[in-house]
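The structure under discussion appears below in the form of structure tokens.
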Amino acid sequence: MADVSIVMGSDSDMPVMAKAAEMLEEFGISYEMRIISAHREPDLFFDYAKGAEERGIKVIIAGAGMAAHLPGMCAALFPLPVIGIPMHTASLGGRDSLYSILQMPSGIPVATVAINGAKNAAILAAKILAVSDEELKGKLKAFSEQMKTEVEAKDAKLQENGFRGYGK
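In this note's numbering, the protein residues as written are 68 to 235.
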């Protein structure tokens with residue numbers, strides 16, 4: 068049984084959404100991944116979203132572009148947290164997706180990350196789950212420490228080599 072459901076409306080979103088799956092795997096979080104269009108197959112979508120809680124899902128990560136209705140519709144039907152990932156679009160650079168996901172009506176919140184921000188969506192899902200999971204909380208703390216160590220190493224390299232010698 069999965070704790071997180073990753074859903075996208077099109078396989079064109081896969082390169083971005085795969086980053087969420089990879090991050091969840093790094094934390095050892097079980098997930099399912101689906102391609103379901105709220106517009107093209109509404110009956111299947113309703114079954115998916117309404118049945119997510121019964122399947123044991125605790126958080127949905129939904130990626131969508133353009134009109135970006137998928138995250139909001141998930142939030143309307145699923146009683147637990149939904150994290151929306153606005154997809155970059157050719158026409159408006161993802162701003163259309165971002166605004167569609169951010170501007171939810173009162174009472175139907177969708178946590179929203181940056182355009183194409185699947186990695187952060189997975190980290191946010193992990194933080195939500197870590198509220199009741201001490202082992203996962205420890206993994207998140209270790210992840211933060213690892214990021215700190217990486218930045219310190221980069222700064223040490225800069226201090227040693229200067230900006231001209233940094234990339235060499």
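Glycine included, every Cβ here is placed at the ideal spot set by N, Cα and C.
Small disclaimer: the values here were computed from a predicted structure and weren't measured.
Taking the Cα of I96 as reference, the smallest distance to any Cα among M154, L147, L196 is reached at L196. With respect to the C-alpha of S72, the residue from E93, A135, F145 having the closest C-alpha is F145. Between F112 and I124, the CB-CB gap reaches or exceeds 8 Å. Within the model, the alpha-carbon separation for D163 versus E212 is close to 35 Å. Spatial neighbours of A87 in its own chain (CB-CB distance under 6 Å, excluding positions within 5 residues in sequence) are listed in chain order as I73, I128, A185, A188, A189. In the three-state scheme derived from DSSP, where H, G and I count as helix and E and B as strand, I96 is classed as coil. By the beta-carbon neighbour count (other beta carbons within 10 angstroms, threshold 16), F230 is exposed. By the Cβ-count criterion, P138 is buried, with 16 or more other Cβ atoms from all chains shown falling within 10 Å of its own Cβ. Nearest in C-alpha terms to I150, of all of V180, S158, K117, A69, is V180. In this structure M81 touches M75 by the C-beta definition: roughly 7 Å separates them, less than 8 Å. When secondary structure is reduced to three states using DSSP, T156 falls in the coil class, being assigned neither helix nor strand.
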